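See below for the structure under consideration.
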Amino acid sequence: MTTPFEPVLLKRLGKPDSVTLASYRRDGGYQALAKALAMPRTRVIDIVRESGLRGRGGAGFPCGVKWGFLPEDHSGPIYLCVNGDESEPGTFNNRILLEEDPHQVLEGIIIGSYATRAQVAYLYLRYEYGRSYRVLESAIAELYDAGLLGKNILGSEYSLDIYLHRGAGAYICGEETGLIESLEGKRAWPRIKPPFPAVEGAFRKPTVINNVETLACVTHILARGADWFKTMGVPKDPANPRDLGSYGPKLYCVSGHVEKPGLFELPLGITARELIDHHAGGVWKGRQAKAVVPGGISMGFLSASELDTPLDFAGPGRVGCLGLGTAALIVIDDQTSMVDVLYNTCRFFAHESCGQCTPCREGTAWSTKILERIRAGHGQLRDLDLLMEIAQSMGTIPGTTICGLADGAAWPMKNALTKFRADFEDHIQSGKKSSTRTLVGAH
Amino acid sequence: MSGLSDQARAKINEYLPRYPSKQAVTLPALHIVQEETRCVSHAAVEQIAKILDLSPAQVHDTASFYGFFRSEDRPLGRQRVWVCRSLPCMLRGGEELLAALAQRWNILPGQTTSDGQITLEVAECLGACDGAPCILINDELSLHVDAETIDQRLEERP
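In order, the protein sequences belong to chains A and B. Read in order, the letters of the first sequence correspond to residues 824 to 1266 in this note's numbering. Read in order, the letters of the second sequence correspond to residues 12 to 169 in this note's numbering.
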């Protein structure tokens, strides 16, 4: 018998005035910051490292380890960049956190900046989140008025400014070095690594880039301790020395063909089936799931027989998906053709490829064109081999691109063509055309 | 078309102390100008470049990368309506919504109604998949949108 999970990150949602500093402080807000400022900053890094917190933005890199990569002897400045460019299809948890409870994120930003010695933090926010922008603007103004930002925060020696920086509608700005280039006022072309941002990042200075949800977790880890954080989730696999575990609460986004799409906070490791059936009201219209995207479309697809896969950092990879990604589930019912689904994902990546690396620019564009041909009823079976060849030749995994966008474009192709091959063969052999409307000129 | 208003110039200058490089003010400056004039004219690009100690080509390079900023020959309408077509919205009628709105306003994505009121755009994931199909009106999201109630949604976001 397990006790019901008590939300951590979404606890204050729906409270009146949840966005105001006064309401946040009534609920104990900024006590974690006071605690952190009373410690040596390296102790803050140790606590976050001990908690096992892994980045929530998609890559799952351990947060405390990332902070520890900053050169100790650097004279500064050091920058903290907050990645609020949430753009992975299916993902909307940062939006809800920022719109409804901005202070727990801002508190995490101040704690993270203190730990990393940053005196300026830039919150890169996608342009589409206009409401988040305005909520954050007033929340930041409240912090300056209350002495929680600016010079000598809470009477300490530590000073910090936080600036909001709005994007302009480009998915690639969520890639951390693309984000840095965009922040610097340039086209968002990802950089070749190394040097990694911890050594040379924004404005050529050491930089840490953290996701919004990750920093919200930092606030609670400082408030309640590393051991508390580790009571949730999936412990390290003792048989695998490289496994880092999947600790803490996670915001799972569920969308697509379910009765109740929404944001659900649960310990890491819940299965797709539990999320769909017990939290999102089940597959809509009494249908069955054909496929489920486990973590934003770049992670690929779970088939109907893989829905008991635990959604922790290691789970989706065990069934051939790219990873947990952003833990955004998109449920696809049994009435939907995977030809249409894959066309949609390929078109997305063709639109969002920054164009810097040829395999990605050409691969995403050609895969979209091939799928257009198949959808129009002119496909041939050998097109499927061609699609697989494209998928296998673009990305950082085959070593042909600078960033991981192309791996994210390739993964849905690989998974769809292996796990749902019958959908493609039937479509091609029957000569039928896709019925979903798409607009001419809508590219 | 004329360049920057005094107000836009003042707003751009306010951003300079936030960054260690002037070039970093490029995106804020482009936003300030487009919000005011519904496009970024070539004269504005030249004047932004002057303030930021850049070549106009550098400003243009950044501006054109995003596909978000409009040149003066294609200014935005009063309301810019982005319709999401990414997977979560597609699964719940996003493509049909886009087609219905194009028909209703008699324009293709990218175009503006002849009265200058509405610009229709195709969007990739807007980050509101819990409310699919969703749209963005200027910079405010509207969730669970259908073609029948679109006028009401537009009134909610003047």
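Cβ atoms here follow ideal geometry from the backbone N, Cα and C, with glycine treated the same way. A quick note: this is a predicted structure, and the numbers were derived from the prediction, not measured.
State the start and end residues of the unbroken alpha helix (DSSP H) segment that holds residue i.
| i | result |
| --- | --- |
| Arg1047 of chain A | 1035-1047 |
| Gly1231 of chain A | 1228-1242 |
| Lys889 of chain A | 886-891 |
| Gly78 of chain B | Here Gly78 of chain B belongs to no alpha helix (DSSP H), and DSSP marks it neither H nor E. |
| Ile1213 of chain A | 1205-1216 |
Taking Cβ to Cβ, would you say residue i is nearer than 8 angstroms to residue j?
| i | j | result |
| --- | --- | --- |
| Phe915 of chain A | Ala111 of chain B | no |
| Gly1218 of chain A | Asp1206 of chain A | no |
| Pro86 of chain B | Cys50 of chain B | yes |
| Val1115 of chain A | Leu1152 of chain A | yes |
| Ala1025 of chain A | Glu998 of chain A | no |
| Glu960 of chain A | Leu920 of chain A | no |
| Asp1308 of chain A | Ser1160 of chain A | An answer regarding residue 1308 of chain A cannot be provided, because it is not within the stretch 824 to 1266 covered by chain A. |
| Val133 of chain B | Arg89 of chain B | no |
| Gly1123 of chain A | Gly1143 of chain A | yes |
| Leu832 of chain A | Glu1088 of chain A | yes |
| Tyr950 of chain A | Leu860 of chain A | no |
| Leu152 of chain B | Arg954 of chain A | yes |
| Ser1121 of chain A | Leu1091 of chain A | no |
| Glu923 of chain A | Asn917 of chain A | no |
| Tyr994 of chain A | Glu135 of chain B | yes |
| Val1162 of chain A | Leu1194 of chain A | yes |
| Val1022 of chain A | Pro1029 of chain A | yes |
| Gly1056 of chain A | Gly1071 of chain A | yes |
| Ile23 of chain B | Ile43 of chain B | yes |
Use the C-beta contact count for residue i: other C-beta atoms within 10 angstroms, 16 or more gives buried, fewer gives exposed.
| i | result |
| --- | --- |
| Phe828 of chain A | exposed |
| Leu170 of chain B | With chain B running from 12 to 169 in the structure shown, residue 170 of chain B is simply not present. |
| Tyr853 of chain A | buried |
| Ile1015 of chain A | exposed |
| Ala60 of chain B | buried |
| Tyr77 of chain B | buried |
Could one say the Cβ of residue i lies closer than 8 angstroms to chain A's Cβ atoms, at least one of them?
| i | result |
| --- | --- |
| Asp141 of chain B | yes |
| His42 of chain B | yes |
| Val36 of chain B | yes |
| Arg29 of chain B | yes |
| Asp64 of chain B | no |
| Cys180 of chain B | This structure leaves residue 180 of chain B out entirely; chain B is present only between 12 and 169. |
| Asp72 of chain B | yes |
| Pro99 of chain B | yes |
| Leu165 of chain B | no |
| Gly138 of chain B | yes |
| Gly78 of chain B | yes |
| Glu135 of chain B | yes |
| Asp17 of chain B | no |
| Ser32 of chain B | yes |
Is the CB of residue i under 8 angstroms away from at least one CB in chain B?
| i | result |
| --- | --- |
| Thr914 of chain A | yes |
| Pro1139 of chain A | no |
| Leu972 of chain A | no |
| Gly1008 of chain A | yes |
| Thr1224 of chain A | no |
| Val1041 of chain A | no |
| Glu1175 of chain A | yes |
| Gly852 of chain A | no |
| His1080 of chain A | yes |
| Leu1086 of chain A | yes |
| Ala993 of chain A | yes |
| Thr1168 of chain A | yes |
| Gly1264 of chain A | With a pLDDT of 45 at Gly1264 of chain A, under the threshold of 50, the predicted position of this residue should be treated as unreliable, though the coordinate-derived value follows. Closer than 8 angstroms: yes. |
Beta strand (DSSP E) containing residue i: first to last residue?
| i | result |
| --- | --- |
| Gln90 of chain B | 90-95 |
| Thr130 of chain B | 129-134 |
| Phe1087 of chain A | 1085-1090 |
| Asp84 of chain B | From DSSP, Asp84 of chain B is part of no beta strand (DSSP E); its letter is neither H nor E. |
| Ala944 of chain A | 943-948 |
| Tyr986 of chain A | 984-989 |
| Ser32 of chain B | Neither: Ser32 of chain B is in no beta strand (DSSP E) and is coded neither H nor E. |
Thinking residue i and residue j are a contact (beta carbons under 8 angstroms), I'd like their distance in whole angstroms, please.
| i | j | result |
| --- | --- | --- |
| Leu844 of chain A | Glu965 of chain A | 4 angstroms |
| Gly875 of chain A | Leu1067 of chain A | 7 angstroms |
| Cys904 of chain A | Ile1032 of chain A | 5 angstroms |
| Pro912 of chain A | Pro67 of chain B | No, Pro912 of chain A and Pro67 of chain B are not in contact; Cβ-Cβ is about 35 angstroms, not under 8 angstroms. |
| Phe1019 of chain A | Phe884 of chain A | Going by Cβ atoms, the distance from Phe1019 of chain A to Phe884 of chain A rounds to 11 angstroms, so no, they are not a contact pair. |
| Ala938 of chain A | Trp890 of chain A | 6 angstroms |
| Gly1001 of chain A | Tyr947 of chain A | Going by Cβ atoms, the distance from Gly1001 of chain A to Tyr947 of chain A rounds to 10 angstroms, so no, they are not a contact pair. |
| Arg872 of chain A | Val888 of chain A | 6 angstroms |
Which residues in chain D have a C-beta closer than 8 angstroms to the C-beta of residue i? List them in chain order.
| i | result |
| --- | --- |
| Glu151 of chain B | The structure shown has no chain D; the protein chains it does contain are A and B. |
At a cut-off of 7 angstroms, would you count residue i as near the ligand SAM, judging by its Cβ distance to the nearest heavy atom?
| i | result |
| --- | --- |
| Ser1176 of chain A | Because no ligand of any kind appears in the structure shown, any question about the ligand SAM cannot be addressed here. |
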